[in-house]
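Notes follow the structure.
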Amino acid sequence: MGPRPADLGVDATVKQGMTETPRRASRSAALVAACRMLAAELPEPERLIDDPYAHLVVDDVALAAARADEPLQNVIRLRTRYIDDAIRAFVACQIPPRPQVLLLGAGFDARAFRMDVDADFFEVDFPATLALKAEALSGVEPKVRRVAVPVDLAAAGFVDPLIGAGFDRERSTIVVCEGVINYLDAATAESVVEQVARLLSPGGQLVADYVEMAWFKGGDFERPTGAISKRLRDGGEPLRDGLPDIHGTLDRHGFDVIDDEALELLPPRYGLEPRERHYPARMVTTVRRSRATPA
Ligand SMILES: C[S@@+](CC[C@H](N)C(=O)[O-])C[C@H]1O[C@@H](n2cnc3c(N)ncnc32)[C@H](O)[C@@H]1O
Numbered sequence: 222m223g224p225r226p227a228d229l230g231v232d233a234t235v236k237q238g239m240t241e242t243p244r245r246a247s248r249s250a251a252l253v254a255a256c257r258m259l260a261a262e263l264p265e266p267e268r269l270i271d272d273p274y275a276h277l278v279v280d281d282v283a284l285a286a287a288r289a290d291e292p293l294q295n296v297i298r299l300r301t302r303y304i305d306d307a308i309r310a311f312v313a314c315q316i317p318p319r320p321q322v323l324l325l326g327a328g329f330d331a332r333a334f335r336m337d338v339d340a341d342f343f344e345v346d347f348p349a350t351l352a353l354k355a356e357a358l359s360g361v362e363p364k365v366r367r368v369a370v371p372v373d374l375a376a377a378g379f380v381d382p383l384i385g386a387g388f389d390r391e392r393s394t395i396v397v398c399e400g401v402i403n404y405l406d407a408a409t410a411e412s413v414v415e416q417v418a419r420l421l422s423p424g425g426q427l428v429a430d431y432v433e434m435a436w437f438k439g440g441d442f443e444r445p446t447g448a449i450s451k452r453l454r455d456g457g458e459p460l461r462d463g464l465p466d467i468h469g470t471l472d473r474h475g476f477d478v479i480d481d482e483a484l485e486l487l488p489p490r491y492g493l494e495p496r497e498r499h500y501p502a503r504m505v506t507t508v509r510r511s512r513a514t515p516a
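Per my numbering, the sequence shown runs over residues 222 to 516.
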């Protein structure tokens, strides 16, 4: 087992402007890393992904929660595979200079350590989460150039910190928002899309998962997702509105949607049967059509 997220200090918060940035590392990040870790127990083709470093950031609590929730493991494997494929496809069709991969709310995503792609990686998350990740993965060499940029997305803009850290707006970039949008309130999520639009040149991509608004209105999804929703809320990371009108927001900021599918309906793309739907989560891939906001 790796170091415990609690080692960085549990319940404390640090004031930063009008918001509170958690001092402890993200528990939701540990939970989804645990789901990736458990993929190793599955045979191909069901495994879908290979994350040999997930065990370094996972603790017993996260592992037990992930093990108890097979539908969650299922959607996490599918979204990880979808995004791995999107990054590989994007990078493969770029010409020099080397493209960039920007992971917003990177958590314990180990892509920079496990993906052999010709790209520079930038990772944005809360300081405490990136600090624990640095400690847990200190013995592992990244496969790519990796730059960690600690920012609270709800408290501050990330454009200037990224540029200050060497991000180049003229280079082709794919932005990944994996398991992040619905931890943000609507104003913050809208602002994230607007900032991504400012960072990307035309042809750049934004790949994200999001929770269908039907879930917030109750109904079929509520019962199967009640336990995970409560766990997240109790852990201080409640699910929020995110982008209630995601297609309107993307269009407003200059993004064309080229793919939008429910996670549990993705398996046929990988030679598997579609799953029964438990989670109201979808994947969306979008392409930047032009700069909507002047620099
Ligand atoms: C469910 S985890 C997903 C982590 C990672 N993308 C993955 O899929 O493994 C959500 C992540 O979003 C980050 N996050 C949520 N709100 C944030 C904020 N306001 N600023 C920065 N990061 C945030 C959390 O710290 C956490 O790492």
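Using N, Cα and C, we set each Cβ at its ideal position, and we do this for glycine too.
Less than 8 Å separates the beta-carbon of Ala418 from that of Gly475. With a threshold of 7 Å, the Cβ atom of Glu399 counts as near ligand 1, since some heavy atom of the ligand is closer than that.
Distance between Val296 and Tyr431, taken at the CA atoms: about 12 Å. Short of 6 Å from the beta carbon of Leu299, and not among the five residues preceding or following it, lie these beta carbons of its own chain, in chain order: Leu484, Leu487. Counting along the chain, the unbroken alpha helix (DSSP H) around Ile467 starts and ends at 467 to 473. According to the DSSP assignment, Arg490 belongs to no alpha helix (DSSP H), since it is labelled neither H nor E. Under the criterion of beta carbons closer than 8 Å, Tyr404 and Glu458 qualify as touching, at roughly 6 Å. By a beta-carbon distance limit of 8 Å, Ala386 contacts Val368. Their separation comes to about 5 Å. Sequence-distant partners of Ala333 (beyond 5 residues in either direction) whose C-beta falls short of 6 Å from its own C-beta, in its chain, are Phe342, Pro363, Val365, Arg367.
Residue environment analysis places Pro273 among the exposed positions, since fewer than 16 neighbouring C-beta atoms fall within 10 angstroms of its C-beta. A heavy atom of ligand 1 is found nearer than 7 Å to the CB of Val372. With a threshold of 7 Å, the Cβ atom of Ala310 does not count as near ligand 1, since no heavy atom of the ligand is closer than that.
If the five residues before and after Ile270 are omitted, its C-beta is found closer than 6 Å to the C-beta atoms of Ala260, Arg298, Thr301, Arg302, all from its own chain and listed in chain order. Rounded to whole angstroms, the separation of the alpha carbons of Phe379 and Pro371 is 9 Å. Residue burial is scored here from C-beta neighbours: Pro423 has fewer than 16 other C-beta atoms within 10 angstroms and is therefore classed as exposed. For Asp280, the three-state secondary structure derived from DSSP is coil.
Taking every protein chain shown into account, the CB of Ile449 has 16 or more other CB atoms within 10 angstroms, so this residue is buried. Note on the stretch 283 to 322: whole alpha helix (DSSP H) runs with a minimum of 4 residues are 291 to 313, in chain order. Thr350 and Leu453 have their alpha carbons spaced roughly 16 Å apart. Note on Asp337: under 16 other CB atoms within 10 angstroms of its CB, so exposed under the neighbour-count rule.
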